[in-house]
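Protein chains in written order, with my numbering: chain A, 7 to 122; chain B, 7 to 122; chain C, 7 to 122; chain D, 7 to 122; chain E, 7 to 122; chain F, 7 to 122. Let me begin by presenting the structure, written as structure tokens, before commenting on it.
There are 6 protein chains.
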Amino acid sequence: MSETPEEFRTYRKEMNERLLATDNKVIKRFFNLDTNAYLDGALPAKTKEMLGLVSSMVLRCDDCIKYHLEKCMEAGLSTAEVVEIFAIANLVGGSIVIPHTRRALEYWNLLEETAG
Amino acid sequence: MSETPEEFRTYRKEMNERLLATDNKVIKRFFNLDTNAYLDGALPAKTKEMLGLVSSMVLRCDDCIKYHLEKCMEAGLSTAEVVEIFAIANLVGGSIVIPHTRRALEYWNLLEETAG
Amino acid sequence: MSETPEEFRTYRKEMNERLLATDNKVIKRFFNLDTNAYLDGALPAKTKEMLGLVSSMVLRCDDCIKYHLEKCMEAGLSTAEVVEIFAIANLVGGSIVIPHTRRALEYWNLLEETAG
Amino acid sequence: MSETPEEFRTYRKEMNERLLATDNKVIKRFFNLDTNAYLDGALPAKTKEMLGLVSSMVLRCDDCIKYHLEKCMEAGLSTAEVVEIFAIANLVGGSIVIPHTRRALEYWNLLEETAG
Amino acid sequence: MSETPEEFRTYRKEMNERLLATDNKVIKRFFNLDTNAYLDGALPAKTKEMLGLVSSMVLRCDDCIKYHLEKCMEAGLSTAEVVEIFAIANLVGGSIVIPHTRRALEYWNLLEETAG
Amino acid sequence: MSETPEEFRTYRKEMNERLLATDNKVIKRFFNLDTNAYLDGALPAKTKEMLGLVSSMVLRCDDCIKYHLEKCMEAGLSTAEVVEIFAIANLVGGSIVIPHTRRALEYWNLLEETAG
Numbered sequence: 007m008s009e010t011p012e013e014f015r016t017y018r019k020e021m022n023e024r025l026l027a028t029d030n031k032v033i034k035r036f037f038n039l040d041t042n043a044y045l046d047g048a049l050p051a052k053t054k055e056m057l058g059l060v061s062s063m064v065l066r067c068d069d070c071i072k073y074h075l076e077k078c079m080e081a082g083l084s085t086a087e088v089v090e091i092f093a094i095a096n097l098v099g100g101s102i103v104i105p106h107t108r109r110a111l112e113y114w115n116l117l118e119e120t121a122g
Numbered sequence: 007m008s009e010t011p012e013e014f015r016t017y018r019k020e021m022n023e024r025l026l027a028t029d030n031k032v033i034k035r036f037f038n039l040d041t042n043a044y045l046d047g048a049l050p051a052k053t054k055e056m057l058g059l060v061s062s063m064v065l066r067c068d069d070c071i072k073y074h075l076e077k078c079m080e081a082g083l084s085t086a087e088v089v090e091i092f093a094i095a096n097l098v099g100g101s102i103v104i105p106h107t108r109r110a111l112e113y114w115n116l117l118e119e120t121a122g
Numbered sequence: 007m008s009e010t011p012e013e014f015r016t017y018r019k020e021m022n023e024r025l026l027a028t029d030n031k032v033i034k035r036f037f038n039l040d041t042n043a044y045l046d047g048a049l050p051a052k053t054k055e056m057l058g059l060v061s062s063m064v065l066r067c068d069d070c071i072k073y074h075l076e077k078c079m080e081a082g083l084s085t086a087e088v089v090e091i092f093a094i095a096n097l098v099g100g101s102i103v104i105p106h107t108r109r110a111l112e113y114w115n116l117l118e119e120t121a122g
Numbered sequence: 007m008s009e010t011p012e013e014f015r016t017y018r019k020e021m022n023e024r025l026l027a028t029d030n031k032v033i034k035r036f037f038n039l040d041t042n043a044y045l046d047g048a049l050p051a052k053t054k055e056m057l058g059l060v061s062s063m064v065l066r067c068d069d070c071i072k073y074h075l076e077k078c079m080e081a082g083l084s085t086a087e088v089v090e091i092f093a094i095a096n097l098v099g100g101s102i103v104i105p106h107t108r109r110a111l112e113y114w115n116l117l118e119e120t121a122g
Numbered sequence: 007m008s009e010t011p012e013e014f015r016t017y018r019k020e021m022n023e024r025l026l027a028t029d030n031k032v033i034k035r036f037f038n039l040d041t042n043a044y045l046d047g048a049l050p051a052k053t054k055e056m057l058g059l060v061s062s063m064v065l066r067c068d069d070c071i072k073y074h075l076e077k078c079m080e081a082g083l084s085t086a087e088v089v090e091i092f093a094i095a096n097l098v099g100g101s102i103v104i105p106h107t108r109r110a111l112e113y114w115n116l117l118e119e120t121a122g
Numbered sequence: 007m008s009e010t011p012e013e014f015r016t017y018r019k020e021m022n023e024r025l026l027a028t029d030n031k032v033i034k035r036f037f038n039l040d041t042n043a044y045l046d047g048a049l050p051a052k053t054k055e056m057l058g059l060v061s062s063m064v065l066r067c068d069d070c071i072k073y074h075l076e077k078c079m080e081a082g083l084s085t086a087e088v089v090e091i092f093a094i095a096n097l098v099g100g101s102i103v104i105p106h107t108r109r110a111l112e113y114w115n116l117l118e119e120t121a122g
């Protein structure tokens, strides 16, 4: 893996700022909505982050997976819980999810080291 | 909607039996695994059904959505909780998820009537 | 095709109302954003509807295709223009787009009859 | 299933003719290429039809599946062979392929009856 | 981003030549068709490039996005126009398109520098 | 291409081991099933690897493509045969498969050199 969690966050932050600086209202409101959707509601934020993670996995978006793994760690998920999400993602999405699962586990382990 | 929950279940059951009757070991074991993945573990079955529902929505599989809606109702989810799952699915998967959300809400309402 | 343009519109309208009646803020704002994204801006609304149509085709969402075909007809697109959008969708998305193209042409022809 | 093999073929043929009648060169050549790709070459036509079937399944296109099932029957595939293709499609594409597999088996059985 | 526009073009060109050198007729004709689909017709080439870009974004193909961004710059699109295409792609395709949008904006900015 | 076949295999092996070491039963059985699905049966293993390759291509999973290319080489496929699989994948999956085809051919050529 070529990218550390720190590098991922820096690139993500910088490019999000550049995108918002284009001053496109639809993109601004979409980003805002994306943040709001994961707040506590009828379902707790922790559950919503799990929903975000499994969706990112079945849709096979590595950067989205990394982002939600960070949120899942902040929300206090255990490795066993995260791996059960991986299992469902593999079953629903099939063996094409396996390479993303390998990278997801590697990133989760990197986050654990940093957090340790 | 042309199909009632009853019709959906009947067709699903009959064709699953026909598929298993072909005696293909990989399919048999895959179906078996599909059942096991949603049992209580590090995560409770209820959470796993939510994961199954949101995955089915972002992958836009109407029959999978119906199946997981039934399981979510059995698991005791409220309408407000289910609709928050719809919201995340729409945000992650985009406006192409909207038509599936319309059908999902209709089916959920049908299940409520039957259960009522 | 089992559904007329009139039936499609009625179902769509009724279920959208039911969805909005659940009073989920994220869904409400997402629907609102979906309307705003296609208004005149740096690009004219007509161009944006074409973008919506081709996106719906490559993502193979029949209901989204119908919706954007209606908008494209309102925006005054000719059949030759619509068919060129079909062509690009087929090329980019591959032969799995063909069945959706058949249904799209049928729906476009139905809209022409109604408009005639 | 609402549609017989006969109805499927009739609709498919009529709409393909209507599409070709629009006289769009890209679509004409794309359809032509689609036919040529499955002819005998380094790989026999029979193998290519299997490739077309499994691709249609993992991409979850019911009409494409029906079309390739017809071709696979013409090419002399046995039910055991077709079901092994189903198994690989389920494993690669995940449990979201299951509903399409149910409909695929039903259609295959209908084709067997007609051929019988 | 590890790859400059120049490196992208070089790799793309070299591998396309190697692919065509395999002398597979279907691939040759498919590549040829791919070029023809974007020529002026009922719709101008500029509009077609926008259709190609939005399709590539909702299907989340970074290399296809880069290619169409180059074509869009050659066709004279402004940044505001390109960003409106990004907005529609995000809305239709959902938040999983965001990481591709970050990379798309970065590439567009690189193209602007080169062109400047 | 940043990764040699050797690097790909090493990373794949290491991370698969780490995944299996999490001791999640569903993942273990899914991996096991994934191996079994490609064994000789009604269809020979060689045909099944071709099915795995074409599925990986239309689903645009580069790592899956590499894996099945290795298996196809072990199974004795010729370059002409592999390229015909590429052709069908491009036709079914569309021009978004082209970038994956470029990388697939490069990887195939690397495998040929190593095997040579």
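Yeah, the Cβ is synthetic: ideal placement off N, Cα and C, and Gly gets one too. In this text, all values refer to a predicted model and were calculated from it rather than measured experimentally.
How many Å lie between residue i and residue j at the Cα?
i                : j                : result
Arg66 (chain D)  : Thr28 (chain A)  : 37 Å
Ser61 (chain D)  : Met63 (chain E)  : 22 Å
Asn22 (chain E)  : Ile33 (chain D)  : 23 Å
Thr41 (chain E)  : Met79 (chain E)  : 17 Å
Leu116 (chain C) : Ala48 (chain E)  : 22 Å
Asp68 (chain D)  : Arg109 (chain D) : 8 Å
Asn38 (chain C)  : Lys31 (chain C)  : 10 Å
Glu112 (chain C) : Leu75 (chain D)  : 24 Å
Lys19 (chain C)  : Glu13 (chain C)  : 10 Å
Ile102 (chain D) : Ala95 (chain B)  : 16 Å
Ala81 (chain A)  : Glu118 (chain B) : 32 Å
Pro11 (chain C)  : Glu9 (chain B)   : 20 Å
Met36 (chain F)  : Phe36 (chain B)  : Rather than Met, the amino acid found at residue 36 (chain F) in this sequence is Phe. When rounded, the distance between both Cα atoms is 8 Å.
Asp46 (chain A)  : Arg15 (chain A)  : 24 Å
Tyr17 (chain D)  : Tyr17 (chain A)  : 51 Å
Gly100 (chain A) : Ala93 (chain D)  : 11 Å
Consider the Cβ of residue i: report whether some Cβ of chain D lies at a distance smaller than 8 Å.
i               : result
Thr28 (chain B) : yes
If we define contact as Cβ-Cβ less than 8 Å, is residue i a contact residue for chain G?
i               : result
Val98 (chain A) : In the structure shown, chain G does not exist; the protein chains are A, B, C, D, E and F.
Give the single residue among the options whose Cα lies nearest to the Cα of residue i.
i                : options                               : result
His106 (chain B) : B:Glu119, B:Ile91, B:Glu118, B:Thr120 : B:Ile91
Val88 (chain D)  : D:Glu13, D:Trp114, D:Glu119           : D:Trp114
Val98 (chain F)  : D:Arg15, D:Gly47, D:Lys54, D:Lys19    : D:Lys54
Leu83 (chain B)  : B:Arg24, B:Ala121, B:Cys70, B:Arg35   : B:Ala121
Looking at the C-beta of residue i, does it have a partner C-beta in chain A at a distance below 8 Å?
i                : result
Ile102 (chain D) : yes
Gly82 (chain B)  : no
Met79 (chain F)  : no
Glu90 (chain B)  : yes
Excluding sequence positions up to five away, which residues of its chain have a Cβ less than 8 Å from the Cβ of residue i?
i               : result
Tyr44 (chain F) : Ala51, Lys54, Glu55, Gly58, Lys77
Ala85 (chain B) : In the sequence on display, residue 85 (chain B) carries Thr and not Ala. The residues are Trp114, Glu118.
Ile71 (chain F) : Leu59, Ser62, Met63, His106, Arg109, Ala110, Tyr113
Using 8 Å as the limit for Cβ to Cβ distance, is residue i near chain E?
i                : result
Ala121 (chain F) : no
Lys54 (chain C)  : yes
Ala93 (chain F)  : yes
Glu87 (chain C)  : yes
With a threshold of 7 Å on Cβ separation, who are the neighbours of residue i within its own chain once the five nearest residues in sequence on each side are excluded?
i                : result
Ile104 (chain F) : Asn96
Leu25 (chain F)  : Ile33
Tyr4 (chain D)   : Chain D is shown from 7 up to 122; residue 4 (chain D) falls before or after that span and cannot be answered.
Residue i CB to nearest chain C CB: under 8 Å?
i               : result
Phe14 (chain D) : no
Leu39 (chain A) : yes
Hey, does residue i have any beta-carbon neighbour from chain B nearer than 8 Å?
i                : result
Arg109 (chain C) : no
Phe36 (chain F)  : yes
For chain F, find out if any of its Cβ atoms is closer than 8 Å to the Cβ of residue i; answer yes or no.
i               : result
Ala51 (chain D) : no
Ala43 (chain B) : yes
Ile33 (chain E) : yes
Asp69 (chain E) : yes
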